[in-house]
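Inspection log for the structure reproduced underneath, given as structure tokens.
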Ligand code: HXC
């Protein structure tokens, strides 16, 4: 495994999977500027590294991330927040990544932590996971997507409940309401995420990118525009060798060897 030097995250690349672990244990992985800029840079590296085919973003067993760093924010003025567009560019960096990102969440995913998990392509939760948007308790609201993304995941009623009361949602409720794709025992979280990532890494990157583009259209456009975008992506994949290989392999009852061509 290769290792890169960051102070607030740990990056490991092994078997085509980059695992990025948020690592500020003394602050339950609270997201400060340094962490988010290191994360943005690690994600950009992973996206550009041809050895990487899938990314896992995770935290510790106690916390994925307990939110934006309250110490760093507490004395900021409106002018400072506005001029720096606080965490705007960092969150856009996460959403720009073309390779799949799986959030593997154990423990607290609160405020910016929950928002960061929702920026990933899907969330696998440990049974210990707790999600929440408790910004209301600090006299603010979510700032990197919580009011928009949580509402799209779980609907208005639950989203309003979470944002207005600041209550936490456990893993079972999160799965039931569509926030996470699966819940697994805490001790097998990384194994499960690795196995999902390895499966993704075996596919054609062309089809993988097409899936991300197509599914994400569902949140940006009308149904008929989204359906057209999907159909054209589907058609376009017939220009690839990987489509020929994938279908030939099925017919010849063998495993496909995709080459991203
Ligand atoms: C800074 C934090 C932190 C945070 C925890 N810590 N969350 N520091 N920012 N968001 C620190 C604590 O100060 C403490 O440091 C250490 O981590 C351990 O936390 P404890 O509170 O002692 O742990 P525990 O009693 O187990 O409680 C866990 C917890 C609680 C329920 C998660 O820490 C908590 O409520 N944290 C804040 C959650 C929150 O409000 N998040 C939203 C932030 S606003 P010391 O030094 O005292 O040991 C946000 C806006 C996003 O995210 C928009 C961005 C633009």
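Numbering (this note's numbering), first residue to last: 223 to 483. We put the CB at the ideal spot given by N, CA and C, even for glycine.
Per DSSP, residue i is paired with what?
{"i": "residue 279", "result": "242, 325"}
{"i": "residue 228", "result": "Bridge partners of residue 228: none, in fact."}
{"i": "residue 459", "result": "None, per the DSSP bridge assignment."}
{"i": "residue 354", "result": "332, 390"}
{"i": "residue 344", "result": "324"}
{"i": "residue 290", "result": "253"}
{"i": "residue 404", "result": "346"}
{"i": "residue 418", "result": "The partner list for residue 418 (beta bridge, DSSP) is empty, contrary to what the question assumes."}
{"i": "residue 285", "result": "330"}
Here's a check: name, in chain order, each residue in its chain whose Cβ is nearer than 8 angstroms to the Cβ of residue i, leaving out the five neighbours to either side.
{"i": "residue 383", "result": "389"}
{"i": "residue 223", "result": "Interpretation of residue 223 is limited by its pLDDT of 44, a score under 50 that renders its predicted location unreliable; the figure taken from the coordinates is listed afterwards. Excluding residues within five positions, the ones whose Cβ falls inside 8 angstroms are 234, 235, 236."}
{"i": "residue 407", "result": "348, 349"}
{"i": "residue 477", "result": "471"}
{"i": "residue 446", "result": "none"}
{"i": "residue 262", "result": "311, 312, 315, 316"}
Out of the options, which has the shortest C-alpha to C-alpha gap to residue i?
{"i": "residue 418", "options": "338, 324, 232", "result": "324"}
{"i": "residue 316", "options": "304, 362, 369, 257", "result": "257"}
{"i": "residue 479", "options": "301, 433, 262, 427", "result": "427"}
{"i": "residue 361", "options": "266, 295, 263", "result": "295"}
{"i": "residue 429", "options": "476, 242, 459, 320", "result": "459"}
{"i": "residue 333", "options": "369, 227, 318, 343", "result": "369"}
{"i": "residue 487", "options": "342, 289, 320, 300", "result": "In this structure the chain extends from 223 to 483, so residue 487 is not present and cannot be described."}
{"i": "residue 279", "options": "247, 386, 345", "result": "345"}
{"i": "residue 310", "options": "337, 414, 322", "result": "337"}
{"i": "residue 363", "options": "437, 376, 381", "result": "381"}
{"i": "residue 342", "options": "421, 410, 415", "result": "415"}
{"i": "residue 421", "options": "297, 322, 465", "result": "322"}
{"i": "residue 437", "options": "394, 452, 304", "result": "452"}
{"i": "residue 249", "options": "286, 306, 457, 424", "result": "286"}
{"i": "residue 283", "options": "307, 251, 298, 260", "result": "251"}
{"i": "residue 463", "options": "302, 450, 481, 227", "result": "481"}
{"i": "residue 359", "options": "385, 302, 304, 376", "result": "385"}
Skipping 5 residues on each side, what residues in its chain have a beta carbon closer than 6 angstroms to that of residue i?
{"i": "residue 240", "result": "268, 274, 277"}
{"i": "residue 371", "result": "340"}
{"i": "residue 472", "result": "none"}
{"i": "residue 313", "result": "366"}
{"i": "residue 232", "result": "243, 245"}
{"i": "residue 474", "result": "none"}
{"i": "residue 468", "result": "478"}
{"i": "residue 379", "result": "none"}
So, under 8 angstroms CB-CB, residue i and residue j are touching, yes? Tell me the CB distance rounded to an integer number of Å.
{"i": "residue 486", "j": "residue 326", "result": "The structure shown does not extend to residue 486, since the chain is modelled only from 223 to 483, so the question has no answer here."}
{"i": "residue 329", "j": "residue 400", "result": "At roughly 21 angstroms, the Cβ-Cβ gap does not stay under 8 angstroms, so residue 329 and residue 400 are not in contact."}
{"i": "residue 393", "j": "residue 405", "result": "5 angstroms"}
{"i": "residue 260", "j": "residue 230", "result": "5 angstroms"}
Less than 7 angstroms between C-beta atoms, sequence neighbours within five positions excluded: which residues of the same chain meet that for residue i?
{"i": "residue 441", "result": "374"}
{"i": "residue 266", "result": "315"}
{"i": "residue 396", "result": "347, 351, 353, 402"}
{"i": "residue 432", "result": "455, 459"}
{"i": "residue 254", "result": "291, 294"}
{"i": "residue 435", "result": "455"}
{"i": "residue 320", "result": "269, 431, 434"}
{"i": "residue 483", "result": "462, 463, 464"}
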